[in-house]
Amino acid sequence: MKFPLVATTVLASSVAAQDPAEGWMAYARGNITDTGAERVTRLEMSWKVGALPVKSSAFFSPWFGLDPDDNLNLIQPVNPYSGSRLKQGSWSAYTEYYQWKPTHNSNSDTFDVEPGQTLHGSLIYNPTDDSYDLTQTCVETGATSTQNVPCQSGKKYTIPYVVYEKVFPCADYPPDGIVSFFDIIAECDGKDCVSDIVWANEVKDDNCEMATVVHDDQKTIDITWNVKAKSKYDDWTREELHSFNLNNGGENNWAHALFA
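See below:
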């Protein structure tokens with residue numbers, strides 16, 4: 579998927595090279611310690627593609643994923659929006675593996691999705707070869723994107739995340755002001771653990787009143803925002819916003835695919 583604007587220069591940054599990365603706003607972080615399990619062996623969620631934002635050159639994504647304890651190997655089904663000042667932007671979907679050390683990024687094939695369509699993502703562990711199958715599917719059309727990711731050096735994936743990523747002024751985000759990750763399925767060492775995960779509502783980069791809400795049954799997690807709120811990014815130029823968002827989140831992170 580091509581990003582509709584000319585790429586801007588990426589500026590150097592001295593941020594810590596691990597997750598949670600700069601540019602994450604509200605996110606829910608899960609802890610499986612109480613389960614006594616070694617790893618999350620299955621994580622599945624569904625969500626509706628958001629409404630189209632106003633015409634702008636923003637790019638951002640809601641997603642869920644898994645990391646090992648060192649937060650250096652993120653696997654995730656992603657759902658980026660890529661905007662344009664000249665015409666209405668669009669949503670896409672695929673999966674990503676991002677490895678911080680040594681730097682490595684792998685994206686599965688992208689496909690386009692429309693507002694209101696349902697995405698279903700899954701991260702499933704394969705014990706036979708110590709790997710995960712990453713899958714993203716549009717329920718209405720059957721379009722699917724998948725890849726297999728080996729676990730680096732035998733690392734165990736223990737940290738589930740639900741995230742909204744990339745910072746822009748508030749009016750750039752979808753006007754519906756919410757994305758709900760629902761029908762959550764979680765297994766730890768092959769056993770249902772959806773009710774045993776301890777979730778924490780976190781904020782990395784406070785922007786647009788972004789917040790996460792974990793429902794009591796832990797089968798739905800909402801991320802909400804206010805498109806009318808003030809943002810510390812209101813006075814940034816588009817070049818500054820593009821450079822900051824491309825640079826943070828790791829070298830060649832999912833946002834770079836929008837320029838490919």
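In terms of this note's numbering, the sequence shown opens at residue 579 and continues consecutively.
Ideal placement from N, C-alpha and C gives every residue a C-beta, glycine not left out.
Note down the Cα distance separating residue 612 from residue 661, rounded to an integer number of angstroms.
-> 42 Å
Proximal residues to residue 784 (C-beta, below 7 Å), its chain only, five neighbours per side dropped = none
Does the separation of the CB atoms of residue 775 and residue 608 fall below 8 Å?
-> yes
Report the option in 753, 782, 645, 765 whose CA atom is closest to the CA atom of residue 732.
-> 645
contact_flag[the stretch 748-762, the stretch 619-632] where n(CB pairs < 8 Å) is 3 or more | yes
Hey, could you find the ends of the alpha helix (DSSP H) residue 817 is sitting in?
-> 816-825
Taking only the alpha-carbon atoms, compute the straight-line gap between residue 770 and residue 806 and give it to the nearest angstrom.
-> 40 Å
How many Å lie between residue 767 and residue 724 at the Cα?
-> 22 Å
For residue 666, which three-state DSSP category applies?
-> coil
Taking DSSP as the reference, what is the three-state secondary structure of residue 732?
-> helix
Cβ pair count under 8 Å reaching 3, the stretch 649-658 against the stretch 692-712 | yes
Cβ shell of residue 675 (< 6 Å), same chain only, five flanking positions each side left out = 653, 684, 727
So which of 752, 778, 765, 786 has the shortest CA-CA distance to residue 666?
-> 752
Quick one: Cα of residue 617 to Cα of residue 704, how far?
-> 12 Å
Taking just the CA atoms, how far does residue 709 sit from residue 596?
-> 21 Å
From the DSSP output, read off the bridge partner residues of residue 608.
-> 777
If we ignore side chains and look at the alpha-carbon of each, how far apart do residue 647 and residue 737 end up?
-> 7 Å
Buried or exposed (CB count within 10 angstroms, at least 16 for buried), residue 820 = buried
Using the DSSP secondary-structure output, state which residues sit across from residue 759 in a beta bridge.
-> 799
Write down every uninterrupted run of the beta strand (DSSP E) in the stretch 624-703 whose length is 3 residues or greater and which is fully enclosed by it, in chain order.
-> 637-646, 651-656, 668-677, 682-685, 689-691
From residue 640 to residue 743, what distance separates their C-alpha atoms?
-> 6 Å
Where does the unbroken beta strand (DSSP E) through residue 713 begin, and where does it stop?
-> 709-716
State buried or exposed for residue 765, treating a residue as buried only when at least 16 other CB atoms are found within 10 Å of its CB.
-> buried
Does the distance from the C-beta atom of residue 839 to that of residue 792 stay below 8 Å?
-> Nothing can be reported for residue 839: it is not among the residues displayed for the chain, which extend from 579 to 838.
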